[in-house]
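Just so you know, we're using the numbering used here here: the sequence shown kicks off at 1 and counts up by one. Report on the structure given below.
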Amino acid sequence: MSKRVFIAGFKHETNTFSKLPTDLAAYKARTYYRDDEVAQKMRGTATEIGAALDAADKHGWSIRLPIYANATPSGRVTKDMHDHFTQVVIDSLKADGPFDGIYLSLHGAMACEHDEDGEGRLLQSVRDLVGPDMPIAVTLDLHANTTDRMGDLSDILISYRTYPHIDQYEVATQACDLLDRTMKGEIHPKVHVRRREMLDGADHGRTTGPGPMVDALKTLDKLIAETPGVYAGSINAGFPWVDIHDVGPTCVVTGEGDDPAHAKIAETVMEQIWQDRNKLSIELVKIPEAI
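If you want it as structure tokens, here you go:
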């Protein structure tokens, strides 16, 4: 029997120091699609939603895709806009269900007027409705300020690996493939999120040349290859232009069950990013010797 999957996207990279509110008009000025329009506009694109549509064809899913919204980076998302998107999602989950799984394309650095963790709040609303057993796969931007709440409320959490971003399609494909395996009962993934007390790090995530982000990704891949049961690993450089509690870099590992070895991978990578940041800080404050 084909699996029924709910798909939606809600994205914003919020600068809390901007006074420009991000409301419905801001989304409609860039990207705001509803119902059949979502697939019409997004199919065949190298985007997360494009990948999810292709994954549905590959896996034989029956899907519902009620909304996709993406606004230009600006100030906090208004409560009205966040409530609007959440209500569209909740209404569709109720009216068009039941579903076997959920895939959400999010950014990870959305701060709202009423909650500094916009993605976490959305995921909480969804989880409150569908319960603890519904598998939820999420993809994030590399510059996500990933919160513990996001990790706790999702079963699969994967971010882009490239900056500039050119791997959205591949990352979403990976997330959807894992979601399919989860819905079939082949795997039972859990997300581990680890951080340090730092505003920024990993060279803001740049991957076009040698540097802390590239080095950290190499370490992450090596540890994943050496550790059984790991399905995905991500490094989020964070988005520092926000005044929120959970700003900053994170390492996120998705693996089978609640294995401490998977959390240890995230801890090890974050320690490397922390030490690299400390080395850079020491270099910046060195006083040249007198000539």
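Glycine included, C-beta positions come from ideal geometry on N, C-alpha and C.
Reference Gly131, options Gly108, Glu113, Ile102, His59, closest by Cα: Walking along the sequence shown from the start, residue 131 turns up at place 131. For the residues Gly108, Glu113, Ile102, His59, the minimum Cα distance to Gly131 belongs to Ile102.
Those residues which DSSP pairs with Ala137 across a bridge: Taking the sequence shown and counting its residues from 1, one reaches residue 137 at position 137. Tyr103, Ile156, per the DSSP bridge assignment.
Separation of Lys28 from Thr22, as counted between CA atoms: What you label residue 22 is simply residue 22 of the sequence shown in a count that begins at 1. What you label residue 28 is simply residue 28 of the sequence shown in a count that begins at 1. Their Cα atoms are separated by approximately 10 Å.
The region 219-229 / the region 166-186 touching (three or more Cβ pairs under 8 Å): no
Presumed contact (8 Å Cβ cut-off) between Asp200 and Pro240, rounded CB distance: On the sequence shown, position 200 is the one that residue 200 refers to. On the sequence shown, position 240 is the one that residue 240 refers to. Rounded, the Cβ-Cβ distance is 4 Å, consistent with contact.
Residue from Asp203, Pro189, Asp96, Gln275 with nearest C-alpha to His262: One-based indexing of the sequence shown puts residue 262 at position 262. The candidate whose alpha carbon is nearest that of His262 is Pro189.
Residue burial classification, Val192 (beta-carbon count within 10 angstroms, cutoff 16): Counted from its first residue, the sequence shown places residue 192 at position 192. Checking the sequence shown, residue 192 turns out to be His, not Val. Flag for His192 reads buried.
Euclidean distance between Cα positions of Glu271 and Arg196: Sequence index remark: in the sequence shown, residue 271 carries index 271 (1-based). Sequence index remark: in the sequence shown, residue 196 carries index 196 (1-based). Each residue's alpha carbon lies about 8 Å from the other.
Through-space distance from Thr254 to Val230, alpha-carbon basis: Here residue 230 refers to the residue found at position 230 when the sequence shown is read from its first residue. Here residue 254 refers to the residue found at position 254 when the sequence shown is read from its first residue. One C-alpha to the other measures close to 6 Å.
Where the alpha helix (DSSP H) through Asp233 begins and ends: As a first step, residue 233 must be located in the sequence shown, where it is residue number 233. Inspection of the sequence shows that residue 233 is occupied by Gly rather than by Asp. From DSSP, Gly233 is part of no alpha helix (DSSP H) but of the beta strand (DSSP E) over 230-236.
Assigned secondary structure, Asn15 (DSSP; H/G/I helix, E/B strand, else coil): As a working note, residue 15 is residue 15 in the sequence shown. Assignment of Asn15 by DSSP, reduced to helix, strand and coil, places it in the coil class.
Simplified DSSP assignment, three categories, for Asn145: Within the sequence shown, numbered from 1, the residue matching residue 145 stands at position 145. Here Asn145 sits in coil by DSSP.
Residues bridged to Tyr163 (per DSSP): As a first step, residue 163 is located in the sequence shown; it is residue number 163 there, counting from the start. Per DSSP, none; premise fails for Tyr163.
Extent of the continuous alpha helix (DSSP H) to which Lys94 belongs: Against the sequence shown, residue 94 aligns to sequence position 94. Segment 79-96, the alpha helix (DSSP H) holding Lys94.
Meets three-Cβ-pair contact criterion under 8 Å: the region 48-66 and the region 144-153: no
Identity of the residue in Glu186, Ile158, Cys251 nearest Ile273 by Cα: Position 273 of the sequence shown holds residue 273. Nearest option by C-alpha distance: Cys251.
At least three beta-carbon pairs within less than 8 Å, the region 95-109 to the region 1-8: yes
Alpha-carbon to alpha-carbon, Thr162 and Gly205: Position 205 of the sequence shown, counted from the start, is the residue given in the question as residue 205. Position 162 of the sequence shown, counted from the start, is the residue given in the question as residue 162. Between Gly205 and Thr162, the alpha-carbon positions lie close to 8 Å from each other.
Spatially closest choice to Lys19 from Ala111, His84, Ser92, by CA coordinates: Here residue 19 refers to the residue found at position 19 when the sequence shown is read from its first residue. Per the Cα distances, Ala111.
Helix, strand or coil at Glu116 [DSSP, three-state]: The sequence position of residue 116 within the sequence shown is 116, counting from 1. Secondary structure at Glu116: coil, using DSSP grouped into helix, strand and coil.
Start-to-end residues for the beta strand (DSSP E) that takes in Glu256: Numbered from its first residue, the sequence shown carries residue 256 at position 256. Here the beta strand (DSSP E) through Glu256 covers 250-256.
Beta-carbon proximity check, Asp243 vs Thr14, cutoff 8 Å: One-based indexing of the sequence shown puts residue 243 at position 243. One-based indexing of the sequence shown puts residue 14 at position 14. Not closer than 8 Å, so no.
Whole-number beta carbon distance between Ile265 and Gly238, since they are thought to touch under 8 Å: By 1-based counting over the sequence shown, the position of residue 238 is 238. By 1-based counting over the sequence shown, the position of residue 265 is 265. 19 Å between Cβ atoms; not a contact.
Same chain, Cβ closer than 8 Å to Trp61, neighbours up to 5 away in sequence not counted: Position 61 of the sequence shown holds residue 61. Within the same chain, Trp61 has close Cβ partners Ser2, Lys3, Arg4, Val5, Ala55, Asp180.
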